[in-house]
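Protein chains in written order, with this note's numbering: chain A, 42 to 153; chain B, 1104 to 1214.
Structure first, commentary second.
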C-alpha cells in the first residue's frame, strides 16, 4: 500500500459524459501527478500540481482539467468523453515538486 | 523530452532463474524509478535510483547516470515476480517533474 488513495476504482460511462476522478496523496506529500495508461499510448504524464498550483503539463487534452484543493487532494475532470479515453488513470504523489513518486491503485475508466 | 527505452520487451523464464532488465534514457536525469505492475494493474515502487546501486532482497538495481542506463536484476525468480516492469525517468526543473515511462518488459515466470 503506497498511501495514495484513488476513487472510484472502476467507472463505466457513456460517450459524451463527464466524470471526476479523485486522489488523496500520501500524508505530508505536497505534489500530485496524474498519469494515463492506455493500450496504444502506454503510460503518459498528464499534469502535476504542487501545493495547489499547477507545475507541469504533459499531453493533457483540453477536455481534461484538474485541480488540487487546500487539503491537498486532487481531482481530474474528464468531459465530452470518447471511446479512446478508456484507460487506467493513476495518481501519484511526492513530498516535494520532485523526487520519488508513489502511485495510487488507479481508476479504470471504461467509456461505452 | 526524455526518451526511455526498455529491453527486452518480453522475457519468459523458469522459476529459479535470474534475469537482467535494461533501461536506456536519452538525457541526464535526476529521477529514475523502477516499478512492477502486477496482474491487477497496481504499480509497485521497486527502486528510486537516479544513480548508484541498491538492493532489496532478491532484487537489485544499478544506474550509471553518465552512460544513461539502468539495470534491474531479479534473482531466483518466483511466479509472483510475473508482470510488467517499467522504468521511468525524469528531470526536475524549478520544482516541476514529470516521469517518462518506457514501454515495459513483460516477465513471465513458469513454475
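Even for Gly, the Cβ is constructed at its ideal location relative to N, Cα and C.
Item to complete: With residue 62 (chain A) as the anchor, note down where its beta strand (DSSP E) starts and where it stops.
Response: Position 21 of the first chain, counted from the start, is the residue given in the question as residue 62 (chain A). Note, residue 62 (chain A): beta strand (DSSP E), 60-65.
Discussion item. I'd like to know whether the C-beta atoms of residue 1115 (chain B) and residue 1213 (chain B) end up nearer to each other than 8 Å.
Written reply: Position 12 of the second chain, counted from the start, is the residue given in the question as residue 1115 (chain B). Position 110 of the second chain, counted from the start, is the residue given in the question as residue 1213 (chain B). Yes, Cβ-Cβ distance for residue 1115 (chain B) and residue 1213 (chain B) is below 8 Å.
Worksheet entry | Rounded C-alpha distance that separates residue 1180 (chain B) from residue 1118 (chain B) | Mapped onto the second chain, residue 1180 (chain B) falls at position 77. Mapped onto the second chain, residue 1118 (chain B) falls at position 15. Between the alpha carbons of residue 1180 (chain B) and residue 1118 (chain B) lies a distance of about 5 Å.
Worksheet entry | Cα-Cα separation, residue 151 (chain A) to residue 132 (chain A) | Taking the first chain and counting its residues from 1, the one referred to as residue 151 (chain A) is at position 110. Taking the first chain and counting its residues from 1, the one referred to as residue 132 (chain A) is at position 91. Whole-angstrom Cα-Cα distance: 17 Å.
Item to complete: Please check if any C-beta of chain B sits within less than 8 Å of the C-beta of residue 131 (chain A).
Response: Within the first chain, the letter at position 90 stands for residue 131 (chain A). It does; some Cβ of chain B falls within 8 Å.
Worksheet item: Which residue comes first and which comes last in the beta strand (DSSP E) that contains residue 1115 (chain B)?
Response: As a position in the second chain, residue 1115 (chain B) is number 12, starting the count at 1. It spans 1113-1117 - the beta strand (DSSP E) in which residue 1115 (chain B) sits, taken as one unbroken run.
Item to complete: Go ahead and pull the three-state DSSP assignment for residue 153 (chain A).
Response: Start at 1 with the first residue of the first chain, and residue 153 (chain A) comes out as number 112. Residue state, collapsed to three classes: coil.
Fill in: Amino acids of chain A, ordered along the chain, whose beta-carbon sits closer than 8 Å to that of residue 1201 (chain B)
Looking up residue 1201 (chain B) in the second chain gives position 98. Going along chain A in sequence order, the residues near residue 1201 (chain B) (Cβ under 8 Å) are 74, 86, 89, 97 and 99.
Worksheet entry | Beta-carbon proximity check, residue 66 (chain A) vs residue 102 (chain A), cutoff 8 Å | On the first chain, residue 66 (chain A) is found 25 positions in, with the first residue counted as 1. On the first chain, residue 102 (chain A) is found 61 positions in, with the first residue counted as 1. No. Outside cutoff.
Practice prompt. Report yes or no: do three or more beta-carbon pairs, one from the stretch 116-135 of chain A and one from the stretch 74-82 of chain A, lie closer than 8 Å?
Written response: Yes, the stretch 116-135 of chain A is in contact with the stretch 74-82 of chain A.
Fill in: Boundaries (first-last residue) of the beta strand (DSSP E) holding residue 117 (chain A)
Translated into positions along the first chain, residue 117 (chain A) becomes position 76. Segment 115-119, the beta strand (DSSP E) holding residue 117 (chain A).
Worksheet item: Is the Cβ of residue 57 (chain A) closer than 8 Å to any Cβ of chain B?
Response: To locate residue 57 (chain A), count along the first chain from 1; it is residue 16. No, residue 57 (chain A) does not count as interfacial toward chain B.
Worksheet entry | Extent of the continuous beta strand (DSSP E) run through residue 1187 (chain B) | What you label residue 1187 (chain B) is simply residue 84 of the second chain in a count that begins at 1. Its beta strand (DSSP E) spans residues 1186-1193.
Worksheet item: If you draw a straight line from the C-alpha of residue 71 (chain A) to the C-alpha of residue 1109 (chain B), how long is it?
Response: Position 30 of the first chain, counting from 1, holds the residue named residue 71 (chain A). Position 6 of the second chain, counting from 1, holds the residue named residue 1109 (chain B). Going by the C-alpha atoms only, they are around 30 Å apart.
Practice prompt. Using a Cβ cut-off of 8 Å (strictly closer), state whether residue 123 (chain A) contacts chain B.
Written response: Counted from its first residue, the first chain places residue 123 (chain A) at position 82. For residue 123 (chain A), the answer is no, since every Cβ of chain B falls outside 8 Å of its Cβ.
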